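Next comes the structure, spelled out in C-alpha cells:
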C-alpha cells in the first residue's frame, strides 16, 4: 500500500540553477560512494604533499598569538610544529577540544596548552560534547549493484513507515567502467540518552546489523523493493547521529588552529550535506588564505580565519536547523492514522505541491562560497 507524497525532478532543478552547471550546461550534481570520493580527492593532491595515516593526535600546544607556532603531539610520541592546524577530524575532534579550551578561564590557563588531560564533559576546561539527536541510522551497501528495480539507477526512492524513514539510491564507484553500488539507509528514532546513547561510529566500522535492518523495515511496512536491497547488502554500518553547536568558536584564541566540517558543525544527515559542506569549508578557507597571501584589500581589513568563519557560519547553521526539522518529521511514529504520521504526511505533501521541497534541495546543493 501507500501513496506518493512528493516527486522532485532533481536534474531539471540542477539545470535551472547556474551555480550547479558547468560552462557547457552539464549538471554538476552527482551521487558517489564515500571511498570513491576519497580516492578522487587524494589523486588530486600535489606530489609534494605528504599524506600520513594512522597517526593519532593526543595533545596540542599553542603559543600566544604572534609567537612561535602550534605543536602537535602524537600517540607514538612524535612531535611536530606548524604555522596553522586545520581540524577536519570529525565529530569527536581533538582540535575542537583545543579550540574551545583555549578560551576557558576556569582553570586559570587560557593559552590552550596541553589539553591532553581534558575530558569531553561540559564545563571541564570549557569543552562541549556533541549532542545526541535521538536518531540512529543503519546503512547497507551492495557493492556490485543490481539490487534495485530496473530503471531506478538514476533515482532516489524515499519511504516513510511507522517511526522509520528509508532511502535507496545508486552511487558511482569512481571506476572507469561506470559501475555503481546500491545503498539503503534506514533512519529511526531512538530515545537513548547519556551513557546509553550509541557511539557515533565516525570511522565507519562495519557491524552485523543486516538482519535487524531487514526486520525493522518489515515491521514498519516498508515495501519489498527496499527490503530486497537490505537483504542483499554485503557491508553494513550503524551510526548514532550527533550534532555540534555552530555557535562555538571555530578558531583558537591563539589564532593557529581552525575547524571545518563535522568538527565545526556536525549535523543530521537528512539533507545529505555533511560532506558537501565540509568541502565548501575547505574551499572557502583556502581561498581566504590565498587572498591574504596575495595581499588583497580584504586581508588587510579582516584576517583570513575570521573571514572564513563569517562566510560559513550562517549557511551551515541554517542547513543544520533544516536538517534537524526534517529528521523530526521523517521519523514520526505512532502508527498509521495517528496525529504524528498525519502531520508528517501533510507536511511533505504540502511542501512538494508548493515547491518548497525543491527549493530546500537546491538551497542545500548550491555552493555558498
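In this note's numbering, the protein residues as written are 111 to 479. Ideal Cβ placement from N, Cα and C applies to all residues, glycine included. Computed from a prediction, not measured in an experiment: that's the story for all the values here.
Paired residues, beta bridge with residue i - DSSP
| i | result |
| --- | --- |
| residue 293 | 251, 279 |
| residue 191 | 181 |
| residue 197 | 369 |
| residue 88 | Residue coverage of the chain in this structure runs from 111 to 479, which leaves residue 88 outside it and unanswerable. |
| residue 259 | In the DSSP output, where bridge partners are listed per residue, residue 259 has none listed. |
| residue 167 | 184 |
| residue 345 | 251 |
| residue 271 | 274 |
| residue 137 | 131 |
| residue 142 | 282 |
| residue 237 | Looking at the DSSP assignment, residue 237 forms no beta bridge with any residue, so it has no partner. |
| residue 445 | The partner list for residue 445 (beta bridge, DSSP) is empty, contrary to what the question assumes. |
| residue 114 | Paired residue(s): none; residue 114 is not in a bridge. |
| residue 361 | 368 |
| residue 350 | 246 |
| residue 121 | BP columns for residue 121 are empty, so no partner. |
| residue 172 | 180 |
CB of residue i within 8 angstroms of CB of residue j, strictly
| i | j | result |
| --- | --- | --- |
| residue 414 | residue 478 | no |
| residue 474 | residue 383 | yes |
| residue 436 | residue 418 | no |
| residue 378 | residue 434 | yes |
| residue 143 | residue 291 | yes |
| residue 351 | residue 243 | yes |
| residue 127 | residue 470 | no |
| residue 158 | residue 171 | no |
| residue 450 | residue 335 | no |
| residue 457 | residue 439 | yes |
| residue 146 | residue 255 | no |
| residue 430 | residue 310 | no |
| residue 275 | residue 453 | no |
Expected contact under 8 angstroms - CB spacing of residue i and residue j to nearest Å
| i | j | result |
| --- | --- | --- |
| residue 141 | residue 279 | 6 angstroms |
| residue 240 | residue 367 | Wrong, their Cβ atoms sit about 18 angstroms apart, outside the cutoff. |
| residue 151 | residue 138 | Not a contact, Cβ separation roughly 16 angstroms. |
| residue 381 | residue 432 | 6 angstroms |
| residue 370 | residue 385 | Contact flag wrong, Cβ pair sits at about 12 angstroms. |
| residue 135 | residue 125 | 7 angstroms |
| residue 122 | residue 202 | The Cβ separation is near 40 angstroms, so there is no contact. |
| residue 183 | residue 168 | 6 angstroms |
| residue 564 | residue 207 | Given that the chain is displayed from residue 111 to residue 479, the structure contains no residue 564 and the question cannot be resolved. |
| residue 476 | residue 284 | Not confirmed; about 23 angstroms, so no contact. |
Enclosing alpha helix (DSSP H) for residue i [first to last residue]
| i | result |
| --- | --- |
| residue 457 | 449-463 |
| residue 354 | Segment: none, residue 354 is in no alpha helix (DSSP H) and carries neither H nor E. |
| residue 416 | 414-440 |
| residue 389 | 384-404 |
| residue 160 | No alpha helix (DSSP H) holds residue 160; DSSP gives it neither H nor E. |
| residue 327 | 320-329 |
| residue 469 | 466-475 |
| residue 205 | 204-211 |
First through last residue of the beta strand (DSSP E) which encompasses residue i
| i | result |
| --- | --- |
| residue 131 | Taken as a continuous stretch (DSSP letters only), residue 131 belongs to no beta strand (DSSP E), as it is neither H nor E. |
Cutoff 8 angstroms: residue i Cβ touching any chain D Cβ
| i | result |
| --- | --- |
| residue 362 | This model lacks chain D altogether; it includes just one protein chain. |
Check: residue i C-beta below 7 angstroms from any heavy atom of the ligand SAH
| i | result |
| --- | --- |
| residue 246 | Questions concerning the ligand SAH fall outside what the structure shown contains, since it holds no ligand whatsoever. |
task = Report yes or no: do the region 354-361 and the region 150-164 share at least 3 C-beta pairs separated by less than 8 angstroms?
result = no
key: Stretch pair the region 238-258 + the region 283-302: three plus CB contacts closer than 8 angstroms   = yes
message = I want to know whether the region 206-214 touches the region 360-372 - three or more CB-CB distances under 8 angstroms.
response = yes
inquiry  = Can you confirm whether the region 113-132 touches the region 455-474 when touching is taken to mean that 3 or more C-beta pairs between the two stretches lie within less than 8 angstroms?
reply    = Yes, they touch.
ask   = Contact between the region 337-355 and the region 176-187: three or more CB pairs below 8 angstroms?
value = When C-beta atoms of the region 337-355 are compared with those of the region 176-187, fewer than three pairs fall below 8 angstroms, so the two segments do not count as touching.
Stretch-stretch touch, CB-based, cutoff 8 angstroms, three pairs: the region 329-343 with the region 181-192 = no
query = If we count Cβ pairs, one from each stretch, closer than 8 angstroms, do we get three or more for the region 323-330 versus the region 268-278?
reply = Yes, the region 323-330 touches the region 268-278.
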